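Each residue of the sequence shown is one higher than the one before, counting from 441 in the numbering used here. For every residue, glycine included, the Cβ atom is placed at its ideal position computed from N, Cα and C. Every value quoted in this text rests on a predicted model; they were computed, and no experiment measured them. Inspection log for the structure reproduced underneath, given as structure tokens.
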Amino acid sequence: MNNVHPAPPFSRPRIGELLVAEGIATAEALDAALAEQRASGGRIGDILVRDGVITEAHLVRVLARQFGIRFIDIEDQVPDEEAGLMIREPYARRFRAVGVGREDGALVVAMANPSDVFALDDIRTLVGCDVIPAMAVGEHIDRLIDRIFGDTGTESALHAATDEARLEQQHAVVKNLDVDGTDEAPVVRFVNELIARAIGDGASDLHIEPTRSDVRIRFRIDGVLRDLIAVPRPLQNRVVSRVKILCNMDIADRRAPQDGRAGVVIGGRRVDIRAVSFPTTNGEAVVLRLLDKSGSVVDIDRLGFHPTALARYRSCFERSSGAILVTGPTGSGKSTTLYATLQEVNHSDRNIITVEDPVEYELDGIKQVQVEPKAGVTFASALRSLLRADPDILLVGEVRDADTARLAIDAALTGHLVLSSLHTKSAAATPARLVKMGIEPFLVTSALACIVAQRLARRLCDRCKVPIAPNQEVLARLGWMPEDAAQDHVGFFAAGGCRSCAGSGYVGRFAIHEVMPVTDAVAAAITEWAPPSEIEALAVTDGMMTLMRDGLIKAAAGMTTLEELHRVAS
């Protein structure tokens, strides 16, 4: 009788082994991730993504290969809108699936989880034809769904609101009606769509700006304003009034600036809205600042500090007392750095209290106070009271006036660690700002432990950036040092423009920093009323890396352009 050996059971190569075999991850990184998995659980691919070893796109591509499923890079192809519209929006979002094309009568569907057989059955029923599943990056699917349905939603809401306004304008001629009401569903829907679109596009601000002929809607994305849509003039008062109602503002007063706020939940994300309205020659304008509170505090190691700068900064915030100031213009990421720092010093044996406007993230184990000027709660008044609440660490959202500055300096001098922000151009210019607020130079040097200046620069789109050979003399004038290219140097690039980055050449932002500990030499210069240029020169001698130099190192690593660096750091 012939010996019959059973076939060996099917075994797939492990995801970690595939990542190492393809050179995407190193064996050392895999070993570290496996150790972390044994300690705290989780999937090895997710751990590698979270630790920054690989991207989600790397993981999904290899997972597709592991399971024998087609991978589609939907960021790299022009969307087939007809195929995309076959799965209606609620189901597309629920299943995280979108049609991307047709093959032999079947709909090709990009899915974040193509192994979900129940979702596939439901999709087949919905579209009425066979389905070919393919794997794609979940984030890319979400963006494609937004592109397919988001524009349609905003524009259809605008058309409905415009039609309603036109009809009522016609009736008003005969009936002399007030057409500035805001209860109409089309206007409400349009404003809701606008806010949802702004949040979905990652906008930090939404501008509603009347002109002579229409009302311009713009979003600020990655620090730059972009036009979205033009609204007919008949809708101006209604849209503005709807926003003012939403943010608890007085719709009857159109001659004076107002501010208000609201909290909304969109797509499961909690968003705070801070609104300001003001009269212009063409009517009331409104600006909404959008704060997504569903995100988590970023770990300080992921803020993009140069390793040398981070070590210098860490040595300062690990002290038990002193003042640490994070400086820069509005929208430069100061709050993110302060929250990350607070997270580092948040231990159970410390009493930590914050005074903020607004409270951007709620942190466990920390008592957070919201500034309410109408109720008499300002930074200064709150700080004066909280100093009697036995704090170890205080975070003051912003030093806005002399009273707050004096209280913060006194707190630092009396054994507290004080974290705060200030609007100055550079770290070296900060002491002079405090002196102008009435703080004596010797108190500034006694209290200050460290000053961090930072900016946010737009990150180049990896899909369309173009390598360049910059003028070496220009680089030298900017402060470029050849030894800075020794690590992670891939060369300098210019911005291109593709569908993935909406033609801008950039996707997202990252921070550049300069960290200036108040050393003996810097303190002596401050006491002697030295100008900022002299203080900066001394700090550089002591090892400080300037904003421009930190930016040049990151530009040489292919992260941004010299033009963008000049825009934010010069």
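{"Query": "Beta-carbon gap between R873 and T885 smaller than 7 Å", "Result": "no"}
{"Query": "Unbroken stretches of the alpha helix (DSSP H), 4 residues or longer, contained in the stretch 666-722", "Result": "676-686"}
{"Query": "Every unbroken beta strand (DSSP E) inside the stretch 871-916 [3 residues or more]", "Result": "888-900, 906-908"}
{"Query": "Under the three-state DSSP convention, the category V664 falls into", "Result": "strand"}
{"Query": "The stretch 935-942 / the stretch 896-916 touching (three or more Cβ pairs under 8 Å)", "Result": "yes"}
{"Query": "L1013 vs S772 beta-carbon contact at 7 Å", "Result": "Nothing can be reported for residue 1013, as the shown portion of the chain is limited to 441 through 1010."}
{"Query": "With 16 other Cβ atoms within 10 Å as the buried cut-off, status of A612", "Result": "For A612, the pLDDT reaches just 42, beneath the cut-off of 50, and the residue's location in the model is therefore unreliable, although a value from the coordinates is still provided. Counting Cβ neighbours within 10 Å, A612 comes out exposed, since fewer than 16 surround it."}
{"Query": "Own chain residues within Cβ distance below 8 Å of D990, not counting five before or after", "Result": "H746, A749, I952, H953, E954"}
{"Query": "Cross-strand partners of H953 (DSSP beta bridge)", "Result": "Q894"}
{"Query": "Cβ distance (whole Å) where I879 is taken to contact A916 below 8 Å", "Result": "That pair is no contact at about 38 Å."}
{"Query": "Per-residue burial, V500 [other beta carbons within 10 Å of its own, 16 or more giving buried]", "Result": "buried"}
{"Query": "Residue range of the unbroken alpha helix (DSSP H) whose run includes K994", "Result": "987-996"}
{"Query": "Beta-carbon gap between G855 and S788 smaller than 7 Å", "Result": "no"}
{"Query": "Secondary structure, beta strand (DSSP E): runs of 3+ residues fully inside the stretch 534-603", "Result": "537-543, 546-551, 571-575"}
{"Query": "Environment of L730 [buried if 16+ CB atoms lie within 10 Å]", "Result": "buried"}
{"Query": "Touch test, the stretch 453-470 against the stretch 491-505, Cβ-Cβ under 8 Å, three pairs minimum", "Result": "yes"}
{"Query": "L778 versus L834, A576, R752, A822, residue with shortest Cα-Cα distance", "Result": "L834"}
{"Query": "Under the three-state DSSP convention, the category Y531 falls into", "Result": "helix"}
{"Query": "Host alpha helix (DSSP H) of K807 (start-end)", "Result": "No alpha helix (DSSP H) contains K807, which is instead part of the beta strand (DSSP E) from 807-810."}
{"Query": "CB of V680 within 7 Å of CB of E724, strictly", "Result": "yes"}
{"Query": "Best match in D804, A822, R752 for proximity to E812 [C-alpha to C-alpha]", "Result": "A822"}
{"Query": "Nearest-angstrom Cβ-Cβ length linking R643 and C687, presumed shorter than 8 Å", "Result": "Reading off the sequence, residue 643 comes out as Ala, not Arg. In fact, because the Cβ distance is near 17 Å, the residues do not count as touching under 8 Å."}
{"Query": "Between the CA atoms of I661 and I639 - distance to the nearest angstrom", "Result": "10 Å"}
{"Query": "Distance between beta carbons of R790 and F819, contact taken as under 8 Å", "Result": "About 21 Å; that fails the 8 Å criterion."}
{"Query": "Burial state of M921, where buried means 16 or more other Cβ atoms lie within 10 Å", "Result": "exposed"}
{"Query": "Same chain only: Cβ atoms within 6 Å of A469, ignoring 5 sequence neighbours per side", "Result": "V493"}
{"Query": "Residue burial classification, C941 (beta-carbon count within 10 angstroms, cutoff 16)", "Result": "buried"}
{"Query": "Local Cβ density within 10 Å of K994, reported as buried at 16 or more and exposed below that", "Result": "buried"}
{"Query": "Extent of the continuous beta strand (DSSP E) run through G524", "Result": "Careful: G524 lies outside any beta strand (DSSP E), inside the alpha helix (DSSP H) at 521-524."}
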